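Quick notes on the structure that follows.
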Amino acid sequence: MSHPGAIACAGCRHFNGRPVDIESALPGLASLSSAYAAVRSEDGICAAHDRYVAATSLCDRYVAASVGALTALRPAPDSHKTSVRAPYR
Amino acid sequence: MAEIAEQSPSLISARPSRWGELLRKEDWWAIWIGLGLVAVAIALFENGSSIKWIAVAPQKWSHLADAGAQLQAHAVQYAALFLLWAVSLGIGAAALRIKLSHFLPAFLALYVVAGAIYFLGLWDQAAHYNLEPPLVALGLGLLISNTVGAPRWLVPGLRVEFYIKTGIVLLGAGLPLTLIAWAGPVAIVQAAIVSLVTFGVIYFVGVRLGLDRRLAATLGTGGAVCGVSGAIAIGGAVGAKKEQVSVAISLVVVWAIVMIFVLPLVARSLHLSTGVAGAWIGTSEFADAAGLAAAQTYGGYAGSVPGISGNADAAVSAFTLMKVIGRDVWIGVWAFVLSLIATTRWERTGVQSRSEAGEIWRRFPKFVLGFLIASAIVTLVSKGYDYAAYKKDVLPGLVAPLQSLRTWAFTFAFLSIGLTTKIREFVSVGARPFYAFTAGVAVNVLLGFVLSTQVFNEFWSRLGQ
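Take a look at the structure:
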């Protein structure tokens, strides 16, 4: 899969790497780990794909975020309450 | 693509700078705070003084009146200790963009309850009633969180990992570097065997049951390497679905909490020495905070439960060597390898990961460096002392006060685990991930037991002597 001209997820409007939003989107994360941990690197939640992705990833659905949005106006991740229940039964 | 064409250079450079990580990640703040305290302790010690006044800790007591008298006599010291923690942790929290006005009241409440639990653990009947501080902190937190719920204003102060990492850096000050060099290779070999087997079991059972490979890998590293941290590291590296990461987190947290109670109980019934039990817990627990709760609980049995040999610190030391040195430090390698496999071998997802060797360092749990540096510094300071002088001067004047601070930090963490764990908020995981992960848990626990109590038994027993 190639992504001509694509720019990394870190700068995409769909990407949210804010620790506070990641912790609220992934219940239990703050119980025994943290979104502020080095192991998380700069990963975040992609609202377009509903995936947890590395900030350096690429995709065809990249939409540049405005400069302000990079720090403040990222889309909030879906609440865990909207997750599909028992998807792997 | 029009938006990409309009991309401004400022946007492209908007990725956080590499150096900025020194202020944005709690691993680094655990290092700054932990090593800062070690540096102050050494400076005072070298000038004939000590931090022991401020590193106050409860002493054994028999009656409530004794405990009350202790508290009254040292009230100023406890207030000063609160200020020390509030300032150092508060600076770290502010750098992590947690509002100080929210963090400090929450931390004050946490400090008061942690102090009460610390006091309770020093009751001379505590072991008789199984009132070990880690279990009491965890149990109380779980009870509150899953009944009335922790109040919202308390949440900003519940930073499990921040406290546990700070405590681990301080723990380094009590472990000679020579001991780490002696035991580290064995810990790495034992941990490598168990990690590879556990990952293999979870991954292949999961795939066999029809799970997506990304979910199977996320579950596998959660069980085999470093629990929830492993799950999020690999989830990000392979681009797992958000709900897959949630499933892995839920399973790890539930099993980790079960193991906090089960592992010390079984080890106690088998009268394992503290070093051996610590090694088993380090091999078979899933998260640092959960494992330290179990290991510290077991260390508390030394001297109070008949038939358990070894010193109290050996359980925590063996656990740390096994878990932190043997398992945690490899998470970047797992992330790099699995990211490479996901990119080249697994089905496409629409998001393409970049597999770079730099991933190994980016995901490295940096607090381990603080642990090693603290150990090296205190080893160097102690070098000029013979054993008698070490016990007379260095231990009470330098090492013991740092151990006391470590116990405080761990107690903050244990209480926070319970208060942040809301079982009803976990996603429903489904049967297949549960079976896959549970198969790995069973193999992990049995293999860890055999390696700790049979293959390397003599080695881990010596650690506690």
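As you go down the protein sequences, you meet chains D and P in turn. Residue numbers for the first sequence follow the numbering used here, so the first one is 5 and each next one is one higher. Residue numbers for the second sequence follow the numbering used here, so the first one is 127 and each next one is one higher. Backbone N, C-alpha and C fix where the C-beta goes; we use that ideal spot for every residue, glycine too. In this text the structure is predicted, and so the values were computed from the model without any measurement.
On the three-state DSSP scale, how would you describe P:Met431? It is worth fixing the name first, because residue 431 of chain P is Val in this sequence and not Met. Three-state DSSP puts P:Val431 in coil, outside helix and strand.
Among residues of its own chain, excluding the 5 on either side of P:Ser139, which ones have a beta-carbon nearer than 7 angstroms to its beta-carbon? Reliability fails at P:Ser139, whose pLDDT of 39 lies under 50, so the model's placement of it is uncertain and the value that follows must be treated cautiously. Excluding positions up to five away in sequence, the list is empty.
Any Cβ of chain P within less than 7 angstroms of the Cβ of D:Ala34? yes
Could you check whether the segment 308-315 of chain P touches the segment 529-539 of chain P, counting it as contact only if at least three pairs of C-beta atoms, one from each stretch, sit closer than 8 angstroms? no
Helix, strand or coil: how does DSSP classify D:Val67 here? coil
Specify whether the segment 415-430 of chain P and the segment 386-398 of chain P touch according to this definition: at least 3 beta carbon pairs, one from each stretch, less than 8 angstroms apart. yes
Report buried or exposed for P:Leu572, applying the criterion of at least 16 other Cβ atoms within 10 angstroms of its Cβ. exposed
Helix, strand or coil at P:Phe412 [DSSP, three-state]: coil
Please classify P:Asn437: does DSSP put it in a helix, a strand, or coil? coil
Rounded straight-line distance, which links the Cα of P:Ala535 to that of P:Phe229: 16 angstroms
Taking one C-beta from the segment 333-340 of chain P and one from the segment 558-570 of chain P each time, how about it: are there three or more such pairs within less than 8 angstroms? yes
According to DSSP, is P:Gln185 part of a helix, a strand, or is it coil? coil
In chain order, which continuous runs of the beta strand (DSSP E) of length 3 or greater are located wholly inside the segment 17-53 of chain D? 48-50
Would you mind working out which of P:Ala299, P:Ala428, P:Val450 and P:Leu391 sits nearest P:Ala413, comparing C-alpha positions? P:Val450
Would you check if the distance between the CB atom of P:Met448 and the CB atom of P:Thr409 is smaller than 7 angstroms? yes
Output yes or no for whether 7 angstroms exceeds the beta carbon distance between P:Ile180 and P:Leu197. no
Same chain, Cβ closer than 8 angstroms to P:Ala232, neighbours up to 5 away in sequence not counted: Trp279, Leu280, Val281, Pro282, Gly283 and Leu284
Please look up how many angstroms separate the CB atoms of P:Gly365 and D:Ser37, rounded, as I've assumed it's under 8 angstroms. Incorrect: roughly 19 angstroms between the Cβ atoms, too far for contact.
Does the segment 462-469 of chain P come close enough to the segment 491-502 of chain P to have 3 or more Cβ pairs within less than 8 angstroms? no
Would the segment 352-364 of chain P count as touching the segment 26-37 of chain D if we require 3 or more Cβ pairs under 8 angstroms? yes
Buried or exposed by the 16-neighbour rule on C-beta atoms within 10 Å, applied to P:Thr304: exposed
How is P:Val274 classed by DSSP in three states: helix, strand or coil? coil
Within the chosen definition, does the segment 468-487 of chain P reach the segment 264-279 of chain P through at least 3 CB pairs nearer than 8 angstroms? no
Spatial distance of P:Val286 from D:Ser45 (CA atoms): 18 angstroms
For P:Ala374, which residues from the same chain have a beta carbon less than 6 angstroms from its beta carbon, with the 5 sequence-adjacent residues on both sides left out? Thr344, Leu345, Gly348 and Ala357
Applying a beta-carbon distance threshold of less than 9 angstroms, which residues of chain P neighbour D:Asp25? Within 9 angstroms Cβ-Cβ: nothing; D:Asp25 doesn't reach chain P, min ~12 angstroms.
How many whole angstroms separate the CB atoms of P:Phe540 and P:Ala263, which I take to be in contact at a CB cut-off of 8 angstroms? 4 angstroms
P:Tyr561 - containing beta strand (DSSP E), residue span: P:Tyr561 -> not in any beta strand (DSSP E); alpha helix (DSSP H) instead, spanning Ala557 to Val576.
Helix, strand or coil: which one does DSSP assign to P:Tyr255? coil
Give a yes or no on contact between the segment 166-181 of chain P and the segment 199-214 of chain P, applying the rule of three or more CB pairs nearer than 8 angstroms. yes
Contact list for D:Ser61 against chain P, beta-carbon separation under 7 angstroms: Gly365, Val477, Gln478, Ser479 and Arg480
Which residues of the segment 487-508 of chain P have a Cβ closer than 7 angstroms to any Cβ of chain D? Give them in chain order. Arg488, Arg489, Phe490, Pro491 and Lys492
Output the residue ranges of the alpha helix (DSSP H) runs that lie fully inside the segment 145-196 of chain P and measure 4 residues or longer, sorted by chain position. 147-150 and 152-172
So, is P:Pro527 buried or exposed, given that buried needs 16 or more other C-beta atoms within 10 angstroms? buried
Can you give me the C-alpha to C-alpha distance between D:His84 and P:Ser395, rounded to a whole angstrom? With a pLDDT of 40 at D:His84, under the threshold of 50, the predicted position of this residue should be treated as unreliable, though the coordinate-derived value follows. So the alpha carbons of these two residues sit roughly 40 angstroms apart.
Please confirm whether D:Ala51 has its beta-carbon closer than 7 angstroms to some beta-carbon of chain P. no
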